[in-house]
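Engineer: First residue of the sequence shown? That's 35 in the numbering used here, and the numbers climb one at a time after it.
Where is the CB? At the ideal position from N, CA and C, for every residue including glycine.
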Amino acid sequence: MRLPEFRQPAVLIRRYQRFLADVRLAGGQILTVHCPNSGSMLGCSTPGSPVIISRSDNRGRKYPWTLEMVQEQGVWIGVHTGRTNGLVREALENGVIDDFGGVVAITPEVVVSARSRLDFLIETDRGQVYVEVKNCSLAEHRTALFPDAVTTRGAKHIAELVHLREAGFGAAVVFCVQRGDADRCRPAARIDPAYARAVASAAACGVRFLAYRAEVGPEAITITRQIPFQPEPSDTDHA
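(1) Evaluate contact between the stretch 148-155 and the stretch 128-137, counting only Cβ atoms and requiring at least three cross-stretch pairs below 8 Å.
(2) Rounded to the nearest angstrom, what separates Asp226 and Pro43 at their Cα positions?
(3) Am I right that Arg242 and Ala206 are in contact with their C-beta atoms under 8 Å? What's the rounded C-beta distance?
(4) So Ala183 and Cys219 are supposed to be a Cβ contact under 8 Å. How far apart are they, rounded?
(5) From the DSSP output, read off the bridge partner residues of Glu157.
(6) Can you tell me the Cβ-Cβ gap for Pro181 and Gly73, rounded? I've got them flagged as a contact below 8 Å.
(7) Looking only at C-alpha atoms, which of Pro38, Val104, Ile192 sits nearest to Ile47?
(8) Can you tell me whether Gly188 is helix, strand or coil according to DSSP?
(9) Are Thr100 and Arg89 closer than 9 Å when you measure CB to CB?
(10) Excluding the five sequence neighbours on either side, which residues of its own chain have a C-beta within less than 7 Å of the C-beta of Ala189, listed in chain order?
(11) Label Thr141 either buried or exposed according to how many other C-beta atoms from any shown protein chain fall within 10 Å of its C-beta, with 16 as the threshold for buried.
(12) Around the Cβ of Glu26, are there at least 16 other Cβ atoms within 10 angstroms (buried) or fewer (exposed)?
(13) With burial defined as no fewer than 16 other Cβ atoms inside 10 Å of the residue's Cβ, what is the status of Gln293: buried or exposed?
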């Protein structure tokens, strides 16, 4: 996935009010940009970090510039969660994600109950699979961790997938790890123990949990390979 043509580097001053960030341009100008990430951005919001911002061609936006990625310790991390579904769909269509069989059709934003919808319904030569996609930007000791803040919404999606699996459908969560320094992925039990328990329980019911790593750079983001996902948290996660 290519980033928008109109983009430039900057330096992060602060991220605040969840969806705003102040950055400093090369000439010293301070700019307030939209931060499309509802998480805590733990480990990828350090003041002074290099960032890439892009400009929208939507003239009606109050903040025309958007925070795309942050560099921490030399590693670019994609923080624009609005791009995650597109990255996963691109990888499905290109055969990089091939865990579900031959893809016949992909339907986005599928309503599954009065309470929620899931990111994709995938029609494959093996049947139907409901898929929820999660952006993973946090990593410690080369392990990607999700979530970076308590997520009741994430637990609700897992419950929906369990119901679908019990009804005979395929059900999966795909974690899109938008950083190149993680070799594995697991639930962040220290941050959200309830979510970690939900993952372990759902995995035992047949819901699949898959993690794919993306290569992130100032010009493009591309999902390149699968990395192992460990449903059960390690003992150190509870420390």
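Structural biologist: On the basis of the coordinates in this document:
(1) Short answer: they don't touch.
(2) Counted from its first residue, the sequence shown places residue 226 at position 192. Counted from its first residue, the sequence shown places residue 43 at position 9. Approximately 33 Å between the Cα atoms of the pair.
(3) By 1-based counting over the sequence shown, the position of residue 242 is 208. By 1-based counting over the sequence shown, the position of residue 206 is 172. Confirmed, Cβ separation roughly 4 Å.
(4) Residue mapping note: residue 183 aligns to position 149 of the sequence shown, counting from 1. Residue mapping note: residue 219 aligns to position 185 of the sequence shown, counting from 1. That pair is no contact at about 17 Å.
(5) Start at 1 with the first residue of the sequence shown, and residue 157 comes out as number 123. Glu157 pairs with Ala139, Gln162.
(6) For the purposes of this step, residue 181 is identified with residue 147 of the sequence shown, where counting begins at 1. For the purposes of this step, residue 73 is identified with residue 39 of the sequence shown, where counting begins at 1. Rounded, the Cβ-Cβ distance is 7 Å, consistent with contact.
(7) Against the sequence shown, residue 47 aligns to sequence position 13. The closest CA to that of Ile47, considering only Pro38, Val104, Ile192, is found on Val104.
(8) Walking along the sequence shown from the start, residue 188 turns up at place 154. Three-state result, Gly188: helix.
(9) Walking along the sequence shown from the start, residue 100 turns up at place 66. Walking along the sequence shown from the start, residue 89 turns up at place 55. Against a cut-off of 9 Å, the Cβ pair of Arg89 and Thr100 comes out as a contact.
(10) In the sequence shown, residue 189 corresponds to position 155, counting from 1. Cβ within range, chain order: Ala228, Tyr229, Ala232.
(11) The residue labelled residue 141 in the question sits at position 107 within the sequence shown. Result: exposed.
(12) Residue numbering for the chain in the displayed model covers 35 to 273; residue 26 lies beyond these limits and cannot be assessed.
(13) In this structure the chain extends from 35 to 273, so residue 293 is not present and cannot be described.
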